[in-house]
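Number of protein chains: 2
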Amino acid sequence: MSNDGLAAALQHLDHLAAMPSASERVAEVLRQQIVGGAIRSGTRLTEETISARIGFSRNTIREAFGMLVAERLAVREPHRGVFVATPSRGDIQDLYATRQLIEPAALEFGPGCSPEAVAQLRAIVVAAREGRDAGRPEAVAEANQRFHLAVARMGRSVRADQLMLGVLTEMRLVFHLMDDDRRFHEPYLERNAAIVDLLEQDRRPEAAAALREYLADAERQLVEALDTDWADRARRS
Amino acid sequence: MSNDGLAAALQHLDHLAAMPSASERVAEVLRQQIVGGAIRSGTRLTEETISARIGFSRNTIREAFGMLVAERLAVREPHRGVFVATPSRGDIQDLYATRQLIEPAALEFGPGCSPEAVAQLRAIVVAAREGRDAGRPEAVAEANQRFHLAVARMGRSVRADQLMLGVLTEMRLVFHLMDDDRRFHEPYLERNAAIVDLLEQDRRPEAAAALREYLADAERQLVEALDTDWADRARRS
DNA sequence: ATTGCCATATTGTTCCACAATCCTCTAGTG
DNA sequence: CACTAGAGGATTGTGGAACAATATGGCAAT
Chain W
36 MSNDGLAAAL
46 QHLDHLAAMP
56 SASERVAEVL
66 RQQIVGGAIR
76 SGTRLTEETI
86 SARIGFSRNT
96 IREAFGMLVA
106 ERLAVREPHR
116 GVFVATPSRG
126 DIQDLYATRQ
136 LIEPAALEFG
146 PGCSPEAVAQ
156 LRAIVVAARE
166 GRDAGRPEAV
176 AEANQRFHLA
186 VARMGRSVRA
196 DQLMLGVLTE
206 MRLVFHLMDD
216 DRRFHEPYLE
226 RNAAIVDLLE
236 QDRRPEAAAA
246 LREYLADAER
256 QLVEALDTDW
266 ADRARRS
Chain Z
36 MSNDGLAAAL
46 QHLDHLAAMP
56 SASERVAEVL
66 RQQIVGGAIR
76 SGTRLTEETI
86 SARIGFSRNT
96 IREAFGMLVA
106 ERLAVREPHR
116 GVFVATPSRG
126 DIQDLYATRQ
136 LIEPAALEFG
146 PGCSPEAVAQ
156 LRAIVVAARE
166 GRDAGRPEAV
176 AEANQRFHLA
186 VARMGRSVRA
196 DQLMLGVLTE
206 MRLVFHLMDD
216 DRRFHEPYLE
226 RNAAIVDLLE
236 QDRRPEAAAA
246 LREYLADAER
256 QLVEALDTDW
266 ADRARRS
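Going line by line, the protein sequences match chains W and Z. Position in the first sequence (from 1) plus 35 gives the number in this note's numbering. Position in the second sequence (from 1) plus 35 gives the number in this note's numbering.
If you want it as structure tokens, here you go:
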């Protein structure tokens, strides 16, 4: 207790040296494959197969599966296995209900809505525009995710942040369900910009209201797009 | 596809027959002991000890530990073990930041704020008053938890609900930190009642504002109480 | 087409082993 | 006396094998 400073410094080194456990590394690999689209929704993840493929024991794989299930990226069906989650319409509605609850509240009442935070939002919008003009829709999507995460962070609650991170990660799964997910975010770029405009004028309630409409429109468009996709798929089979 | 009704009914039976896995049962036992105060904050949970005590293998215990850690009821220190969480001041502030973000938003904008939902809140307040008048502060605390969970449910988001359930569970850990946690909730009972009054008059913005003040006061009182507790404990040692 | 049954595969769980890491205690050193 | 170094013991992290419980799919019988 004599010198907290040294302890803090060592803690820092600790953090640098912190090697994630095997199960966390396995979970991270699978996570990337899932949200990156390399493993499609509905795919069965067999313990032995994964174990053989990436060289960790079944025990470790099971632990990793547990994490993915806890994050809702996968679903466990008892005695059947774990499958990459396929978000249902209900899931999408719930995801947007969560966002409707948290994001506008963070905008309007979040204690972290500082000028620096607004400037960061502005920077993200600028980056998104560059991505759009450069013909890189992936950059636009990524910027959009960063934007909404930054909005949530204005609530200054790590627990809510974590929830929002999980929600936005699940959203990536949703986008992979669509036949054409590349240009989905483009129309919303300028609406993000409008929200930043309002924030720069300290009109937080209006910004929150704009975000609420934004989210409702996005949900509508997403559900409609997926309905036609689902109809197509049903017709094909 | 000929009869969804039957399928739904079978799904229901499935659910009734669903026996939780061993690790979930172990986690549930430990959860109850922790939030009930039988295992105090900071206690080390040794894999072998627990394994021997409740008769499941170390592997299963480890899985259960993972769940508790994911719920923040326990903390894992690599190569040292898992310990029952002891919420810090930062944790308390974060818990209340989360509540400030979600609960008032659910009150003001939640699509689940139906007359029935308000009536349920009213019933909870009545039950809390009975508990208070019967000299059962535990009943008051439990009703208070139910109240705020019901508020959150107005957001109609199972993901946010789950977060709030976790937050309220963590709050129980916080209360166990106090020397006197029995009568903490009593002063807030009538403020809950006032919020229900406003809701019954469809004055949702005012109800949300009242809840925001409520939460800020509760946080202040809690941090102060714990500060003196911490000071006492430091002085004693 | 539906039912009943059996073979097979996968999961859920246990048990054991062992390396890696942390804690404690002792002995030595200045 | 304070402090460092290191040995010893305990616990976790991970691997691997085994087995029971359960789901799947095919085949036969009605």
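Positions of the beta carbon are idealized from the N, C-alpha and C atoms, including for glycine. In this text, all values refer to a predicted model and were calculated from it rather than measured experimentally.
Any 3 or more C-beta pairs closer than 8 Å across the stretch 159–166 of chain W and the stretch 209–216 of chain W: no
Cβ neighbour criterion (16 or more within 10 Å) applied to W/GLY190: Here residue 190 of chain W is taken as the residue at index 155 of the first sequence, counted from 1. Its Cβ being crowded by 16 or more others within 10 Å, W/GLY190 is buried.
Beta carbon of W/THR204 nearer than 7 Å to that of Z/SER192: Reading the first sequence from its first residue, position 169 is the one you call residue 204 of chain W. Reading the second sequence from its first residue, position 157 is the one you call residue 192 of chain Z. Against a cut-off of 7 Å, the Cβ pair of Z/SER192 and W/THR204 comes out as no contact.
Member of Z/ALA174, Z/LEU136, Z/LEU257 whose CA lies at the smallest distance from the CA of Z/ARG247: Against the second sequence, residue 247 of chain Z aligns to sequence position 212. The candidate whose alpha carbon is nearest that of Z/ARG247 is Z/LEU136.
Z/VAL258 versus Z/TYR131 - alpha carbon distance: Within the second sequence, the letter at position 223 stands for residue 258 of chain Z. Within the second sequence, the letter at position 96 stands for residue 131 of chain Z. When rounded, the distance between both Cα atoms is 11 Å.
Neighbour flag for W/THR204 against chain Z, beta carbons, 7 Å: By one-based count along the first sequence, residue 204 of chain W stands at place 169. Chain Z contact via Cβ: absent.
Residues bridged to W/PHE118 (per DSSP): Position 83 of the first sequence, counting from 1, holds the residue named residue 118 of chain W. Looking at the DSSP assignment, W/PHE118 forms a beta bridge with W/ARG79, W/VAL110.
The alpha helix (DSSP H) enclosing W/ILE159, as first and last residue numbers: Here residue 159 of chain W refers to the residue found at position 124 of the first sequence. Note, W/ILE159: alpha helix (DSSP H), 150–168.
Complete alpha helix (DSSP H) runs within the stretch 195–252 of chain Z (minimum length 4 residues, chain order): 221–235
Helix, strand or coil at W/PHE91 [DSSP, three-state]: As a position in the first sequence, residue 91 of chain W is number 56, starting the count at 1. Looking at W/PHE91 - three-state DSSP - the assignment turns out to be coil, as it is neither helix nor strand.
CA-to-CA distance, Z/VAL231 to W/ARG66, given in whole angstroms: Mapped onto the first sequence, residue 66 of chain W falls at position 31. Mapped onto the second sequence, residue 231 of chain Z falls at position 196. Approximately 43 Å, taken between the alpha carbons.
Continuous alpha helix (DSSP H) stretch holding Z/ALA185: start and end: On the second sequence, residue 185 of chain Z is found 150 positions in, with the first residue counted as 1. Run containing Z/ALA185: 172–188, per the alpha helix (DSSP H) assignment.
Helix, strand or coil at W/ALA73 [DSSP, three-state]: Residue numbering aside, residue 73 of chain W sits at position 38 when the first sequence is read from its first letter. Here DSSP, grouped into helix, strand and coil, assigns W/ALA73 to coil.
Chain W within 7 Å of Z/ASP252, Cβ atoms only: Taking the first residue of the second sequence as 1, we reach residue 252 of chain Z at position 217. Answer no: the Cβ-Cβ gap between Z/ASP252 and chain W never drops below 7 Å.
Cα-Cα separation, W/ARG60 to W/ALA99: Mapped onto the first sequence, residue 60 of chain W falls at position 25. Mapped onto the first sequence, residue 99 of chain W falls at position 64. Rounded to the nearest angstrom, the two C-alpha atoms are 8 Å apart.
Neighbour flag for Z/VAL175 against chain W, beta carbons, 7 Å: Indexing the second sequence from 1 puts residue 175 of chain Z at position 140. With 7 Å as the cut-off, Z/VAL175 does not count as an interface residue toward chain W.
Pick from W/SER92, W/VAL119, W/ASP168, W/PRO222 that is closest to W/ALA105, judged by C-alpha positions: The count along the first sequence starts at 1 and reaches residue 105 of chain W at position 70. Looking at the Cα atoms, W/VAL119 is the closest of the given residues.
Nearest neighbour of Z/GLY147, chosen from Z/ARG171, Z/GLU112, Z/HIS114, Z/ALA187 [CA to CA]: Your numbering for residue 147 of chain Z matches position 112 in the second sequence. It is Z/ALA187 whose Cα lies nearest to the Cα of Z/GLY147.
Contact set for Z/PRO55: own chain, Cβ-Cβ below 8 Å, skip 5 residues either direction: Start at 1 with the first residue of the second sequence, and residue 55 of chain Z comes out as number 20. Cβ within range, chain order: GLU63.
W/ASP129 at chain Z interface by Cβ criterion, 7 Å: Here residue 129 of chain W corresponds to residue number 94 of the first sequence, with the count starting at 1. Yes, W/ASP129 lies at the interface with chain Z (some Cβ there is under 7 Å from its Cβ).
Nearest to Z/ARG107 (by Cα), restricted to the options Z/GLU82, Z/ASP264, Z/GLN197: Numbered from its first residue, the second sequence carries residue 107 of chain Z at position 72. The residue with the shortest Cα to Cα distance from Z/ARG107 is Z/GLN197.
Short Cβ contact (7 Å threshold) for Z/VAL153 with Z/GLU221: Position 118 of the second sequence holds residue 153 of chain Z. Position 186 of the second sequence holds residue 221 of chain Z. Contact flag unset, no.
Segment limits, alpha helix (DSSP H) that includes Z/PRO139: Indexing the second sequence from 1 puts residue 139 of chain Z at position 104. First-last of the alpha helix (DSSP H) with Z/PRO139: 124–144.
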